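Remarks on the structure that follows.
Below is the structure:
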């Protein structure tokens with residue numbers, strides 16, 4: 003049953019994380035000064051897997067704290083919250099370092115934030131993860147526990163979860179195809195591709211020619227992806243040349 007619970011939590015966390023990322027990029031992100039609606043993350047659909055894994059870890063740590071009696075004391079509760087922040091930071095770092103080292107792809111960039119490590123994690127966002135962990139433990143964990151009990155009594159809902167994973171699997175295969183093409187270009191030119199910057203480049207190209215941008219398919223364009231990559235790379239090289 004624990005596997006089904008974690009699958010359900012991954013489903014919920016991925017969807018909730020997507021909503022959070024969309025709102026953050028729309029209203030708070032410095033990298034989106036025009037405050038446009040941007041589909042975040044690696045996948046096409048409305049889910050961000052990092053948050054799905056994150057919710058699973060938050061639930062497991064909170065459940066461990068309760069069953070072990072660790073949260074019976076203030077110190078124990080603080081320890082659980084610290085573990086939550088550490089787990090979320092670790093998930094973020096693993097996802098970031100794999101994309102960077104394996105695919106030459108930077109999905110996000112904290113290079114301008116104080117104390118950052120490889121531009122992947124930094125104290126500011128670890129503090130945000132800590133706040134999210136605390137909010138989960140004190141506000142959401144009781145509700146999540148009730149939802150899991152409900153799921154155990156209504157197993158027919160697993161059809162919805164199964165449908166989600168079917169669509170998600172197709173999405174991952176499609177997105178992996180794009181990432182493979184990006185990796186090939188990055189390897190050939192010995193560069194790191196900033197994923198969100200490339201999407202912004204394609205979006206601005208569409209706007210320049212008065213073409214509609216596809217929210218769910220940001221790489222969809224009349225111009226081949228290879229041409230967008232060459233143009234973006236050329237623009238970066240020109241900027242570097244002017245700075246020298």
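Numbering (our numbering), first residue to last: 3 to 246. Just so you know, even glycine gets a beta-carbon here, dropped at the ideal spot from N, CA and C. Keep in mind it's a predicted model, so treat the numbers as computed, not measured.
| Item | Value |
| --- | --- |
| Nearest-angstrom beta carbon gap, residue 177 and residue 44 [assumed within contact, 8 Å] | 6 Å |
| Between the CA atoms of residue 78 and residue 235 - distance to the nearest angstrom | 51 Å |
| Selected residue, minimal CA-CA separation from residue 208, among 183, 221, 197 and 196 | 221 |
| DSSP three-state assignment for residue 69, whether helix, strand or coil | helix |
| First through last residue of the alpha helix (DSSP H) which encompasses residue 121 | No alpha helix (DSSP H) contains residue 121, which DSSP labels as neither H nor E. |
| Exposure of residue 196, with buried meaning 16 or more beta-carbon neighbours within 10 Å | buried |
| C-beta atoms of residue 72 and residue 19 nearer than 8 Å | no |
| Proximity winner among 192, 46, 7 and 11, relative to residue 170 (alpha-carbon distances) | 46 |
| Delimiting residues of the alpha helix (DSSP H) encompassing residue 6 | 4-29 |
| Proximity winner among 97, 88, 150 and 145, relative to residue 130 (alpha-carbon distances) | 88 |
| Nearest neighbour of residue 59, chosen from 49, 85 and 229 [CA to CA] | 85 |
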